[in-house]
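For what it's worth, the UniProt record's numbering labels the leading residue of the sequence shown as 1, then goes sequentially.
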Amino acid sequence: MGDETGTRHLLLLHGMGATGEVWLPWAPLLERHWAGRWLAPDLAGHGWSPPLPGYSFEALAGQVVQGLGPVTERLGPHDRLVLLGHSLGGVVALALAARSRRLPVDAVVGLGIKAVWSPADLEKANELAARPVTWFATRDEAARRYLRVSGLAGLFAPDHPVVEAGLRREDGRWRLAMDPAAFAVGEPWLPALLAATDVPVLLARGEQDPMVTDAQLKELGVPVATLPGLGHNAHVEDPAAVLALLDAYL
1 MGDETGTRHL LLLHGMGATG EVWLPWAPLL ERHWAGRWLA PDLAGHGWSP
51 PLPGYSFEAL AGQVVQGLGP VTERLGPHDR LVLLGHSLGG VVALALAARS
101 RRLPVDAVVG LGIKAVWSPA DLEKANELAA RPVTWFATRD EAARRYLRVS
151 GLAGLFAPDH PVVEAGLRRE DGRWRLAMDP AAFAVGEPWL PALLAATDVP
201 VLLARGEQDP MVTDAQLKEL GVPVATLPGL GHNAHVEDPA AVLALLDAYL
């Protein structure tokens, strides 16, 4: 796999509450434009990935590494990984790129990472994490809740295949696949994560993303890209615009 110049493989990491299926609409674009393999795993406690006893960015990254094991074993000596993560997935991507992990990472693009957390933000996240699993009588009710929790409401219809991966049916009732405890992962300390990696990092946001500002990202001292007219889920709203951030690695 890979030739003497090496092949770049793309690892796509979803945001809080979503699943790896959120990248499905990218498949036609990647088939045309990305030479290497691409992978879009479920983060721990999301989709089909089992929960963790406790959530931290390091633990989430460790679960991804474990899942990547068979893939990295097949990489050629010159093959590399490019990491693109949305929101929570962007923080996990930075954790994966730490020099201490020694993964063959070429670059990280973090999209829509929330850089500043207020006490109220953290209190709300902990409150969500402490809630018991909610059960729904119908798939449609569960699907609509999933779309709200994942921030994907208005971007996918409740019956879209992307939604299916976020739902579970048990004994005639429906629930979200996500482990609510994952909300308690906490605030990322981005300066430390950036200091721990030697690879190029690009931080990007949709121009209309209410969760993070250009000014907050620019304070971190790495290149920043703003995507005109897009919101927090820019990768869903306009896959081609976000894929263009990777032009240097195509």
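C-beta: ideal position from N, C-alpha, C; glycine also.
Note that the structure is predicted; figures quoted are calculated from it, not measured.
Check the DSSP bridge columns for arginine 168 and list the partner residues they point to. Arg175
Taking buried to mean at least 16 other C-beta atoms within 10 Å of its own C-beta, is arginine 205 buried or exposed? buried
Which stretch, first to last residue, makes up the alpha helix (DSSP H) that contains leucine 243? 239 to 243
With respect to the alpha helix (DSSP H) encompassing glutamate 72, which residues constitute its N-terminal and C-terminal limits? This sequence places threonine at residue 72; glutamate is not what is there. 57 to 73 is the span of the alpha helix (DSSP H), which, as asked, contains threonine 72.
Is aspartate 42 buried or exposed, if buried means 16 or more other CB atoms sit within 10 Å of its CB? buried
Can you give the Cα-Cα distance for valine 185 and methionine 16, rounded to whole angstroms? 10 angstroms
How close, in whole Å, do the beta carbons of valine 22 and valine 162 come, if the pair is a contact with beta carbons under 8 angstroms? 6 angstroms
Over what stretch of residues does the alpha helix (DSSP H) that includes aspartate 214 continue unbroken? 214 to 218
Got a sec, what are the start and stop residues for the beta strand (DSSP E) valine 82 sits in? 80 to 86
Can you look up aspartate 247 in the DSSP assignment and give me helix, strand or coil? helix
When DSSP builds the beta bridges, which residues end up paired with arginine 205? Thr226
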